[in-house]
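Engineer:
Protein chains: 2
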Amino acid sequence: MQTDLSAALDIGGTKIAGALVDRHGRLLVRTVRPTPADQDGATVLRAVAEVLRDLTAHPDWARVAAVGIGSAGPVDASAGTVSPVNIPGWRDFPLVAEVRLLVGDRPVVLVGDGVAMAAAEHWQGAARGRANALCMVVSTGVGGGLILNGRLHPGPTGNAGHIGHVSVDLDGDPCPCGGRGCVEGIASGPNIVRRALADGWRPGPGADAGAAAVAAAARAHDPVAVRAFERAAQALAAGIAATASLVEIEVAVVGGGVAGAGEVLFAPLRQALRRYATLSFVRELAVVPALTGTDAGLVGAAAAAAQRSRLDAFAPMG
Amino acid sequence: MQTDLSAALDIGGTKIAGALVDRHGRLLVRTVRPTPADQDGATVLRAVAEVLRDLTAHPDWARVAAVGIGSAGPVDASAGTVSPVNIPGWRDFPLVAEVRLLVGDRPVVLVGDGVAMAAAEHWQGAARGRANALCMVVSTGVGGGLILNGRLHPGPTGNAGHIGHVSVDLDGDPCPCGGRGCVEGIASGPNIVRRALADGWRPGPGADAGAAAVAAAARAHDPVAVRAFERAAQALAAGIAATASLVEIEVAVVGGGVAGAGEVLFAPLRQALRRYATLSFVRELAVVPALTGTDAGLVGAAAAAAQRSRLDAFAPMG
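Line by line, the protein sequences are chains A and B. For what it's worth, the numbering used here labels the leading residue of the first sequence as 144, then goes sequentially. For what it's worth, the numbering used here labels the leading residue of the second sequence as 144, then goes sequentially.
1) Does any residue of chain B bring its CB to less than 9 Å from the CB of N334 of chain A?
2) Grab me the residues of V285 of chain B's own chain with a C-beta within less than 7 Å of its C-beta, minus the 5 sequence neighbours each way, in chain order.
3) Going by DSSP, name the residue or residues bridged to L163 of chain B.
4) Quick check for students: name the residue ranges of the alpha helix (DSSP H) that lie wholly in the region 304–370 of chain B, counting only runs of 4 or more.
5) In the DSSP assignment, what are the bridge partners of S221 of chain A?
6) I'd like to know whether the C-beta atoms of D203 of chain B and L148 of chain B end up nearer to each other than 9 Å.
7) Helix, strand or coil: how does DSSP classify I212 of chain A here?
8) Is it right to say L244 of chain B is buried, meaning 16 or more other beta carbons lie within 10 angstroms of its own, or is it exposed?
9) Considering just the uninterrupted stretch of the alpha helix (DSSP H) at V184 of chain B, what are its terminal residues?
10) On the premise that I290 of chain A lies in contact with A263 of chain A, defined as a C-beta separation below 8 Å, what is that separation, rounded to the nearest angstrom?
11) Keeping to the same chain, check which residues put their C-beta closer than 6 Å to that of G161 of chain B; ignore five residues upstream and five downstream.
12) Can you name the residues of chain A whose CB is closer than 9 Å to the CB of I306 of chain B?
13) Any chance the region 365–383 of chain B sits against the region 414–422 of chain B, with 3 or more Cβ pairs inside 8 Å?
14) Can you tell me whether DSSP reads I383 of chain B as helix, strand or coil?
15) Cα-Cα, which of B:T178, B:A360, B:R451, B:C318 is closest to A350 of chain B?
16) Can a CB atom of chain A be found closer than 9 Å to the CB of F409 of chain B?
17) Measure the C-alpha to C-alpha separation of D183 of chain A and A190 of chain A and round it to an integer number of angstroms.
18) Shortest alpha-carbon distance to P111 of chain B belongs to which of B:G268, B:R169, B:G213, B:T186?
19) Rounded to a whole number of angstroms, what is the C-alpha to C-alpha distance between D312 of chain B and D248 of chain A?
20) If contact means a Cβ-Cβ distance below 8 Å, which residues of the region 209–223 of chain B contact chain A?
21) How is the beta strand (DSSP E) around A429 of chain B delimited, first residue to last?
22) Alpha carbon to alpha carbon, how far is A215 of chain A from I154 of chain A? Give it in angstroms, no decimals.
23) Select from the region 281–310 of chain A all residues with a C-beta closer than 9 Å to any C-beta belonging to chain B, and list them in chain order.
24) Determine, for C320 of chain B, whether the minimum Cβ-Cβ distance to residues of chain A falls below 9 Å.
25) Taking the straight line between their C-alpha atoms, what separation do you get for A368 of chain A and H296 of chain A?
26) Among B:V207, B:I230, B:V442, B:G268, which has the Cα closest to the Cα of L434 of chain B?
27) Under 9 Å, do G322 of chain A and G288 of chain A count as touching if we go by C-beta distance?
28) To the nearest angstrom, how far is it from the Cα of S226 of chain B to the Cα of I230 of chain A?
29) Between B:G347, B:R337, B:E393, B:A387, which lies nearest to F372 of chain B when the distance is taken from Cα to Cα?
30) So, for A429 of chain B: in the same chain, excluding its five sequence neighbours on each side, which residues have a beta-carbon less than 6 Å away from its beta-carbon?
31) For A402 of chain A and V309 of chain A, which I take to be in contact (beta-carbon distance under 8 Å), what is that distance rounded to the nearest angstrom?
32) Under the rule that 16 or more other beta-carbon atoms within 10 Å means buried, what is Q377 of chain A, buried or exposed?
33) List, in order along the chain, the chain A residues whose C-beta lies closer than 7 Å to that of F372 of chain B?
34) Just to confirm, is the Cβ distance from G211 of chain B to A150 of chain B under 9 Å?
35) Can you tell me where the beta strand (DSSP E) with M279 of chain B in it begins and where it stops?
36) Roughly how many angstroms separate the alpha carbons of V397 of chain B and P432 of chain B, rounded to a whole number?
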């Protein structure tokens with residue numbers, strides 16, 4: 144039997160998804176459970192086990208070479224543990240060891256969800272064929288992952304590319320992470336809304352006050368809404384330029400709900416990038432929308448598993 | 144004949160140094176010429192040729208496997224060209240092609256001077272044995288280089304690790320690079336002096352107004368001098384923490400003249416780092432002084448050559 148598939152798990156605060164993924168990135172089998180995020184750790188694990196049971200029961204399971212897990216962070220790939228902010232029942236939870244008990248003698252690879260998204264964009268999306276790229280999700284939070292030298296760079300603990308908590312304003316507002324002036328504290332959806340509301344923007348009657356509503360107002364040339372997106376774009380540009388100066392990237396791929404604003408975000412982002420990315424070796428840096436959608440976590444976890452399992456059998460003991 | 148040596152060139156605005164370096168990092172032969180930085184490009188090249196002639200005339204030259212060049216930046220390793228800010232006669236100057244004409248059929252590797260320093264610290268200094276490290280020079284400017292996955296990460300153009308022009312203050316002062324709020328604009332020696340002078344510090348009679356004088360004043364508890372170093376430390380900490388969030392490093396090595404201030408810099412730097420490096424995977428990050436001295440450029444160029452020549456024969460055509 145050819146082992147030409149990866150199994151993928153995408154673990155978030157809302158749902159736990161699983162899939163069998165072929166070497167073209169197609170999802171052959173998929174399954175999902177809601178995350179019992181307010182329950183104890185064992186209950187959350189049972190939901191993972193149910194997702195895995197759907198996969199292992201499938202006839203194609205025998206073709207699975209490796210298992211990839213993309214998880215909400217923080218994760219610790221070196222220890223095989225996860226401590227997702229939105230799943231309080233899991234703190235330093237030995238997820239890799241637990242999953243290994245359920246998948247037989249296969250390598251299990253753990254990465255953060257930002258790293259998984261980067262793997263997906265490199266394999267199937269806007270970073271395809273790029274040797275050096277930053278891929279970001281701008282949504283409720285701001286996350287990311289890096290491609291360096293043509294390969295995923297998860298870092299020792301699977302958290303590299305964590306651009307949301309890069310400080311771009313060293314005297315700026317305190318961030319829940321403990322730092323100051325973090326990219327996420329300026330550019331995330333809720334923070335775009337916060338700034339727009341503080342400056343006097345109000346959603347229309349019956350509309351909710353989300354980043355999509357601010358984006359709609361900006362498209363209609365509401366100056367406060369435009370400025371809120373410009374400020375987010377400025378923070379993202381400073382963070383992207385910092386990444387380019389530090390590791391040399393040729394493209395920044397931006398996905399997530401806030402990127403759905405389209406040119407309302409991308410136009411000021413490109414403009415701001417010209418102000419921060421000024422050195423000769425970063426000046427050509429392009430910024431483009433992500434192409435992978437809601438399956439990015441699964442596709443990326445599969446890609447991370449495939450890449451790692453070609454290198455070595457990565458199997459930390461719990 | 145065993146080819147167990149690297150030849151190294153260290154090209155700066157003041158001097159052009161050359162050496163033959165063995166696989167323990169020892170300099171067997173060394174030579175130096177002043178850089179005729181205000182002359183035309185051909186004259187600067189003649190100084191390089193004289194340095195190389197001293198090396199090729201030596202009986203050990205036959206043992207040289209590869210040639211490494213560390214140059215003041217910007218460099219473009221992919222094109223084999225250099226455009227050092229302080230050598231105006233060289234703009235997109237095809238240094239690799241010119242050096243190849245003088246060294247026979249040997250691979251020639253070009254990296255920026257910050258990358259060379261990082262290679263030296265990884266091989267012989269405070270980053271030895273570390274898989275992931277940022278090595279920085281804080282001096283007239285602020286430069287650096289990265290070790291990732293146990294190897295030098297020069298980036299496609301040899302400029303990676305360029306922490307001096309990471310913006311840590313997105314609304315901050317304009318930088319000559321075109322950006323705003325760059326680390327170098329706050330933390331370099333001249334900028335420490337500028338801040339101290341602006342806040343009322345004055346050098347003693349007959350003393351010159353350099354960063355070393357501000358450091359001496361800070362050691363004597365002059366509050367203005369202390370604050371100038373604290374501000375520099377804050378900017379360095381934000382940049383180091385950004386690097387750690389983006390690529391996961393376990394240590395930041397700081398060298399250069401300003402690092403010579405010792406605890407006047409390192410104590411507030413460690414303190415500030417605790418404020419900016421807050422995520423679980425960056426919290427253990429250590430910051431330590433560099434161990435390689437004035438030979439770092441030569442040792443690092445040799446290390447870069449040795450590393451690259453083991454991988455492939457890197458020989459861009461001019």
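Quick reminder that beta carbons are idealized off the backbone N, C-alpha and C, glycines included.
Structural biologist: Reading from the atomic positions:
1) no
2) M279, I306, G307, V326, E327, A330, S331
3) B:A150, B:V172
4) 326–330, 332–341, 354–362
5) DSSP lists no partner for S221 of chain A.
6) yes
7) strand
8) exposed
9) Inspection of the sequence shows that residue 184 of chain B is occupied by Gly rather than by Val. First-last of the alpha helix (DSSP H) with G184 of chain B: 184–199.
10) Not a contact, Cβ separation roughly 11 Å.
11) L152, T174, V194, L198
12) Below the 9 Å Cβ cutoff, chain A contributes A385, S388, L389 as neighbours of I306 of chain B, in chain order.
13) yes
14) helix
15) B:A360
16) no
17) 11 Å
18) Any question about residue 111 of chain B goes unanswered here, given that chain B covers just 144 to 461.
19) Straight-line Cα distance between these residues: approximately 50 Å.
20) P217, D219
21) Unbroken beta strand (DSSP E) run through A429 of chain B: 429–432.
22) 6 Å
23) G287, L289, L291, N292, H296, P297, G298, P299, T300, G301, N302, A303, G304, H305, I306, G307, H308, V309, S310
24) yes
25) 36 Å
26) B:G268
27) Not closer than 9 Å, so no.
28) 51 Å
29) B:R337
30) V394
31) The Cβ separation is near 18 Å, so there is no contact.
32) Burial of Q377 of chain A is indicated by the presence of at least 16 other C-beta atoms within 10 angstroms of its C-beta.
33) Result: empty, since nearest Cβ-Cβ is about 15 Å, beyond 7 Å.
34) yes
35) 276–281
36) 5 Å
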